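Enquirer: Residue numbers (full-length UniProt numbering): 1 to 385.
Virtual Cβ for every residue (Gly too), placed ideally from N, Cα, C.
These figures come from a predicted structure and were not determined experimentally.
A single structure is presented below for examination.
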């Protein structure tokens with residue numbers, strides 16, 4: 001992956017996808033989701049912790065913005081939304097996806113573009129009964145192409161506040177730093193964001209982009225820089241998606257993250273699973289993303305049973321839903337199709353998502369109360385342990 005390259009001419013070398021070494025061996029026959037189960041899964045109060053706002057940019061909106069903002073796309077880019085949808089079905093891995101991801105966001109130029117993108121996501125999430133959304137954005141992907149950080153943050157903040165006022169959803173904005181760019185660029189971005197953190201516009205620091213050959217330890221200075229500024233924020237990092245389980249340990253030990261994004265390769269390390277369970281460190285799992293980017297060959301290979309058995313808290317998320325064909329509820333449904341989890345287990349997953357959220361105690365109690373009402377309706381005999 002070559003950072004912000006906007007051409008598609010330089011092909012990425014690709015090896016045949018490997019079978020995930022964390023595959024669950026007891027394969028469960030695929031289950032049809034009946035109407036009552038769908039209703040139950042939709043009714044669960046969801047907290048989404050892993051969605052990139054730029055990853056909610058649909059092909060249709062992309063081409064509308066390209067025309068509005070007079071953006072020139074690479075000559076070999078798909079010519080319309082239909083062709084782009086088809087290309088999105090053919091990602092060969094994370095870096096292949098990221099190339100299209102960065103090209104797509106070049107259509108975002110004005111504050112209004114960012115506001116509309118964010119608000120449209122929150123409306124869509126609200127339809128899935130997402131009550132709390134803690135969303136990512138990639139500032140360097142915009143500042144590297146000449147868009148002021150102020151434009152990006154003000155636009156996303158306006159979208160968040162509008163959603164909170166009109167939808168009743170709570171939101172947080174997490175600034176993700178790009179692993180494929182020099183560490184110095186991320187350190188500068190941290191300093192540039194200081195004003196926005198002080199103003200309460202940015203609520204967390206994250207780390208994303210290409211994982212191969214970009215172990216978390218490389219970015220210790222970035223996280224240390226943020227901590228020296230005495231920000232009252234939370235920390236997270238993408239680790240253990242394509243990378244090995246020790247990347248998760250590095251994120252915990254050296255970046256001191258509060259939760260881990262993806263983290264599915266943690267299932268390879270029993271001691272790490274025990275640690276995650278003991279510390280109640282949330283993993284933000286993204287099933288359809290893992291499938292579309294060939295981290296796994298089938299949803300049944302996800303380590304969902306291992307995580308449940310080990311008591312590791314996790315939430316289920318959409319990641320980049322416009323690219324991977326599924327928002328939050330779609331990911332719930334596909335997990336149920338392949339693992340046929342009982343309702344009590346689903347409630348425990350929803351509860352883990354609530355307890356792993358960066359919300360006030362009052363808001364957490366509201367969400368837990370809502371979950372109890374869903375339990376009472378759909379599991380009448382449920383007795384809390």
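Suppose contacts are defined by Cβ-Cβ distances below 9 Å. Is residue 124 in contact with residue 236 by that definition?
Expert: No, these two residues do not count as a Cβ contact at 9 Å.
Enquirer: Is the region 29-48 in contact with the region 267-280, if contact means three or more CB pairs nearer than 8 Å?
Expert: The region 29-48 is not in contact with the region 267-280.
Enquirer: Quick check: the region 146-154 against the region 329-337, are at least 3 beta-carbon pairs closer than 8 Å?
Expert: No, the region 329-337 is not in contact with the region 146-154.
Enquirer: Please report how far the alpha carbon of residue 110 lies from the alpha carbon of residue 67, in whole angstroms.
Expert: Approximately 13 Å between the Cα atoms of the pair.
Enquirer: Provide the residue(s) that pair with residue 237 in DSSP beta bridges, ordered along the chain.
Expert: For residue 237, which the question treats as bridged, DSSP gives the partners 260.
Enquirer: If contacts are defined as beta-carbon pairs under 8 Å, then residue 214 and residue 180 qualify, I think. What distance do you get, rounded to the angstrom?
Expert: Right, their Cβ atoms sit about 7 Å apart.
Enquirer: If you count every other CB in all the chains shown that lies within 10 Å of the CB of residue 48, and 16 or more means buried, which is it?
Expert: Buried, since its Cβ has 16 or more Cβ neighbours within 10 Å.
Enquirer: Quick check on this structure: which residue in 142, 61, 96 has the alpha carbon closest to the alpha carbon of residue 82?
Expert: Closest option to residue 82, Cα to Cα, is 61.
Enquirer: Tell me which same chain residues have a C-beta within less than 7 Å of the C-beta of residue 240, skipping the five on either side of it?
Expert: Same-chain partners within the cutoff: 247, 248, 260, 262, 263, 264, 265, 266.
Enquirer: Does the separation of the CB atoms of residue 349 and residue 314 fall below 9 Å?
Expert: In this structure, residue 314 lies closer than 9 Å to residue 349 by Cβ.
Enquirer: Applying the 10 Å Cβ sphere with the 16-neighbour rule, what's the burial state of residue 377?
Expert: The residue in question, residue 377, is exposed, as its Cβ has fewer than 16 Cβ neighbours within 10 Å.
Enquirer: Might you give, ordered along the chain, the residues of its own chain that have their beta carbon closer than 8 Å to the beta carbon of residue 167, omitting 5 neighbours on each side?
Expert: Once the five neighbours on either side are set aside, the close Cβ partners of residue 167 are 122, 123, 126.
Enquirer: Do residue 118 and residue 69 have their C-beta atoms closer together than 9 Å?
Expert: The answer is no: Cβ separation not under 9 Å.
Enquirer: What does a CB cutoff of less than 6 Å around residue 155 pick up in its chain, not counting 5 residues either side in sequence?
Expert: Same-chain partners within the cutoff: 111, 114, 115.
Enquirer: Let's test the definition: count the other Cβ atoms within 10 Å of the Cβ of residue 381 and tell me whether it reaches 16, buried, or not, exposed.
Expert: It counts as exposed.
Enquirer: Return the chain-ordered list of same chain residues with a C-beta closer than 6 Å to the C-beta of residue 200, the five sequence neighbours on each side being excluded.
Expert: Same-chain partners within the cutoff: there are none.
Enquirer: Counting only the same chain and skipping the five closest in sequence on each side, list residues whose C-beta sits under 8 Å from that of residue 319.
Expert: If we look at residue 319 and ignore the five residues flanking it on each side, its Cβ neighbours are 50, 51, 52, 55, 286, 288, 289.
Enquirer: Going straight from the alpha carbon of residue 308 to that of residue 222, what length do you get?
Expert: Going by the C-alpha atoms only, they are around 33 Å apart.
Enquirer: Quick check on this structure: which residue in 304, 306, 193, 231 has the alpha carbon closest to the alpha carbon of residue 137?
Expert: Taking only the C-alpha atoms, the option nearest residue 137 is 193.
Enquirer: Would the beta-carbon of residue 33 fall within 9 Å of that of residue 337?
Expert: Yes, they are a contact pair.
Enquirer: What residue ranges within the region 178-242 form continuous alpha helix (DSSP H) runs of no fewer than 4 residues, ordered along the chain?
Expert: Runs of the alpha helix (DSSP H) inside the region 178-242: 183-192, 194-198, 220-228.
Enquirer: Among 365, 364, 358, 371, which has the Cα closest to the Cα of residue 134?
Expert: That would be 358, whose Cα lies nearest to the Cα of residue 134.
Enquirer: Thinking residue 173 and residue 189 are a contact (beta carbons under 8 Å), I'd like their distance in whole angstroms, please.
Expert: With 8 Å as the limit, residue 173 and residue 189 do not qualify as a contact, their Cβ atoms being about 14 Å apart.
Enquirer: Cα-Cα, which of 85, 71, 345 is closest to residue 321?
Expert: Answer by Cα proximity: 85.
Enquirer: Taking 6 Å as the limit between beta carbons, can you name the residues of its chain near residue 162, skipping five residues before and five after?
Expert: Correct list, in chain order: 119.
Enquirer: Where do the N-terminal and C-terminal ends of the alpha helix (DSSP H) with residue 284 fall, by residue?
Expert: Counting along the chain, residue 284 falls outside any alpha helix (DSSP H), though it belongs to the beta strand (DSSP E) covering 283-285.
Enquirer: Report the rounded CA-to-CA distance for residue 371 versus residue 203, giving the unit in angstroms.
Expert: Using only the alpha carbons, I get a separation of about 25 Å.
Enquirer: With distances taken Cα to Cα, identify the nearest neighbour of residue 105 among 177, 343, 65, 274.
Expert: Ranking 177, 343, 65, 274 by Cα distance to residue 105 puts 65 first.
Enquirer: Among the residues of its own chain, which have a CB less than 8 Å from the CB of residue 379, if the five just before and after it don't count?
Expert: Within the same chain, residue 379 has close Cβ partners 343, 344, 347.
Enquirer: Three-state secondary structure (DSSP) at residue 316?
Expert: Strand, per DSSP.
Enquirer: Locate the beta strand (DSSP E) running through residue 112, then write down its first and last residues.
Expert: Here residue 112 belongs to no beta strand (DSSP E); instead the alpha helix (DSSP H) covers 111-127.
Enquirer: Mapping DSSP to helix, strand and coil, what is residue 69?
Expert: Correct three-state label for residue 69: helix.
Enquirer: Which of the three DSSP states, helix, strand or coil, is assigned to residue 50?
Expert: Here residue 50 sits in coil by DSSP.
Enquirer: At the level of alpha carbons, what is the spacing between residue 366 and residue 71?
Expert: Taking the straight line joining both Cα atoms gives about 44 Å.
Enquirer: Among 291, 129, 360, 184, whose alpha-carbon lies nearest the alpha-carbon of residue 92?
Expert: Minimum Cα distance to residue 92 is reached at 291.
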